[in-house]
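Read the structure below first, then the notes.
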Amino acid sequence: MQSDDQWVEQVEILDEQSRMTLRELCAACELSAEQVMSLVDQGVIDVDTQGGGVRFSGICVRRVRRVYRLERDLGVNHAGAALALELLDEIEQLRSRIRRLERR
Numbered sequence: 000m001q002s003d004d005q006w007v008e009q010v011e012i013l014d015e016q017s018r019m020t021l022r023e024l025c026a027a028c029e030l031s032a033e034q035v036m037s038l039v040d041q042g043v044i045d046v047d048t049q050g051g052g053v054r055f056s057g058i059c060v061r062r063v064r065r066v067y068r069l070e071r072d073l074g075v076n077h078a079g080a081a082l083a084l085e086l087l088d089e090i091e092q093l094r095s096r097i098r099r100l101e102r103r
């Protein structure tokens, strides 16, 4: 068994400007390429094909993890999870807008 000081966690900040390949996204989310592409087909995550390759934004990692958590915890399918994510995104945008308005 390893001691606590032998465990090193690698952290990378992923945002909208970060880009990753399909393989990197699969590794980060512990999914197969087929599972990730199914989420693309459902509109859960977007793919960037500019520049001749398939790239995903860093935000996709968070979205994919949220989808699978919704499926696991609530028993919804990909379509239901996609709808839930859209609503959660809208709530987040509205809260951000409220905070900006309150600062005025």
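Mapping of the sequence shown onto numbering that gives the first Met the number 0: position 100 corresponds to residue 99, and the numbering continues sequentially without gaps.
C-beta: ideal position from N, C-alpha, C; glycine also.
Cβ pair residue i, residue j closer than 9 Å
i	j	result
E33	F55	no
L73	V43	no
V63	V53	no
L38	V66	yes
M19	G50	no
Classification of residue i by the beta-carbon crowding that lies within 10 angstroms, buried from 16 upward
i	result
L86	exposed
L69	buried
V7	With a pLDDT of 42 at V7, under the threshold of 50, the modelled position of that residue is not reliable, and the figure given next carries that caveat. Result: exposed.
Residue i - DSSP class collapsed to helix/strand/coil
i	result
R54	strand
D45	coil
Q1	Residue placement at Q1 cannot be trusted, given a pLDDT of 47 that sits under 50; what the coordinates show is reported in the next sentence. Q1 falls in the coil class under three-state DSSP.
R18	strand
R142	Limits of the chain in this structure are 0 at one end and 103 at the other, which puts residue 142 out of reach.
G103	Correcting the residue type first, residue 103 is Arg in the shown sequence and not Gly. Coil at R103, not helix or strand.
L30	coil
Residue i to residue j span [Cα, whole Å]
i	j	result
S2	G79	With a pLDDT of 49 at S2, under the threshold of 50, the predicted position of this residue should be treated as unreliable, though the coordinate-derived value follows. Distance between the alpha carbons of S2 and G79 is about 42 Å.
Q41	S17	22 Å
E29	V35	10 Å
R94	R71	26 Å
Own chain residues within Cβ distance below 8 Å of residue i, not counting five before or after
i	result
S31	C25
Same chain only: Cβ atoms within 6 Å of residue i, ignoring 5 sequence neighbours per side
i	result
A27	V60
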